[in-house]
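Colleague: After the structure tokens below, expect a handful of questions from me.
Residue numbers (the working numbering): 11 to 225.
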């Protein structure tokens, strides 16, 4: 349930009663509206789950005092990377620029993560990097990918437990399109790529929130 929803007339009445008289029990609210407790229960559940009301056992309902915008902001700040990350697309550091271009085209992504023979992250290559390498009359099949990639430790990474909003800020500050989602390698030497977070993933998160708001 989302924090910003379109309330119906009865839900607005409930909110006003709780604002004026809270803490107040569900039975007392039902009496004021001449409704049964069972009829009122779905509305109270929606208002509580959305964050407009707080319920305490043997006490009753409280109005939280928060606006829909404040509640939506709180929800955004709780979203984690793992909620919207997607599968990573990786290439081996022994690949050529031509190989990378083919992989990027076939996988329809804008960033590739480069790994070594032990599957550890060693670099990142973007669409801009490949476009730059393609300029001129060079034989792309003979240019090693590791010549043009951005190398560790100059790579921004994130973990699945990180907050989505923090990584979004990182993308803006670094002016990049994606970051690898990583975990520590078993020997604690380097990172294993387990996902990716892109501007598209973040856009999807915003769209999902917007759709939920009107449900």
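Ideal Cβ positions, reconstructed from N, Cα and C, are used throughout, including at glycine.
Considering only their Cβ atoms, is the gap separating residue 200 from residue 98 smaller than 7 Å?
Modeller: Here residue 98 refers to the residue found at position 88 when the chain shown is read from its first residue. Here residue 200 refers to the residue found at position 190 when the chain shown is read from its first residue. Against a cut-off of 7 Å, the Cβ pair of residue 200 and residue 98 comes out as no contact.
Colleague: Candidates 176, 169, 218, 38: which alpha carbon is nearest residue 194's?
Modeller: Here the question's residue 194 lines up with position 184 in the chain shown. Cα-wise, what sits closest to residue 194 is 169.
Colleague: Would you call the segment 177-185 in contact with the segment 133-142, where contact means no fewer than 3 C-beta pairs closer than 8 Å?
Modeller: no
Colleague: Assuming residue 87 and residue 173 are in contact, meaning their beta carbons sit under 8 Å apart, how far apart are those beta carbons, in whole angstroms?
Modeller: Here residue 87 corresponds to residue number 77 of the chain shown, with the count starting at 1. Here residue 173 corresponds to residue number 163 of the chain shown, with the count starting at 1. Between residue 173 and residue 87 the Cβ distance is about 7 Å, and since that is below 8 Å, they are a contact.
Colleague: Could you name the residues of the same chain whose beta carbon sits closer than 7 Å to that of residue 101, not counting the 5 residues immediately before and after it, in chain order?
Modeller: Locating residue 101 in the chain shown gives position 91, where the first residue counts as 1. Here the set comprises 109, 110, 113, 122, 124, 155.
Colleague: Could you spell out where the beta strand (DSSP E) holding residue 177 opens and where it closes?
Modeller: As a first step, residue 177 must be located in the chain shown, where it is residue number 167. Note, residue 177: premise wrong, no beta strand (DSSP E); alpha helix (DSSP H) at 174-184.
Colleague: Using a Cβ-Cβ cut-off of 6 Å (strictly less than) and excluding sequence neighbours within five positions of residue 29, which residues of its own chain qualify?
Modeller: For this step, residue 29 is matched to residue 19 along the chain shown. Result list for residue 29: 73, in chain order.
Colleague: Report back the beta-carbon spacing between residue 106 and residue 153 to the nearest angstrom; my notes put them in contact at under 8 Å.
Modeller: For the purposes of this step, residue 106 is taken as the residue at position 96 of the chain shown. For the purposes of this step, residue 153 is taken as the residue at position 143 of the chain shown. That belief holds up - the Cβ atoms of residue 106 and residue 153 are roughly 6 Å apart, short of 8 Å.
Colleague: I'd like the ranges of any beta strand (DSSP E) spanning at least 3 consecutive residues and lying wholly in the segment 78-166.
Modeller: 100-102, 121-125, 131-136
Colleague: So residue 180 and residue 166 are supposed to be a Cβ contact under 8 Å. How far apart are they, rounded?
Modeller: On the chain shown, residue 180 is found 170 positions in, with the first residue counted as 1. On the chain shown, residue 166 is found 156 positions in, with the first residue counted as 1. Contact annotation, residue 180 with residue 166: C-beta distance approximately 6 Å; criterion of less than 8 Å satisfied.
Colleague: Could you check the C-alpha separation between residue 214 and residue 37 for me, to the nearest Å?
Modeller: Taking the first residue of the chain shown as 1, we reach residue 214 at position 204. Taking the first residue of the chain shown as 1, we reach residue 37 at position 27. Going from the Cα of residue 214 to the Cα of residue 37 covers about 41 Å.
Colleague: Could you tell me which residues DSSP pairs with residue 47 in its beta bridges?
Modeller: Here residue 47 refers to the residue found at position 37 of the chain shown. Note: residue 47 sits in no beta bridge, so no partner.
Colleague: Taking all protein chains shown into account, do 16 or more other C-beta atoms lie within 10 angstroms of the C-beta of residue 62, making it buried, or fewer, making it exposed?
Modeller: As a first step, residue 62 is located in the chain shown; it is residue number 52 there, counting from the start. Looking at its Cβ environment, which holds 16 or more other Cβ atoms inside 10 Å, residue 62 is buried.
Colleague: Is the Cβ-Cβ distance between residue 35 and residue 70 less than 7 Å?
Modeller: Translated into the one-based positions of the chain shown, residue 35 becomes position 25. Translated into the one-based positions of the chain shown, residue 70 becomes position 60. Less than 7 Å separates the beta-carbon of residue 35 from that of residue 70.
Colleague: Are there 16 or more other CB atoms within 10 angstroms of the CB of residue 115, so buried, or fewer, so exposed?
Modeller: The residue labelled residue 115 in the question sits at position 105 within the chain shown. Classification of residue 115: exposed, given that the 10 Å Cβ count is below 16.
Colleague: Does residue 181 get closer than 7 Å to chain C when you measure Cβ to Cβ?
Modeller: The displayed structure is made up of one protein chain only, and chain C is not part of it.
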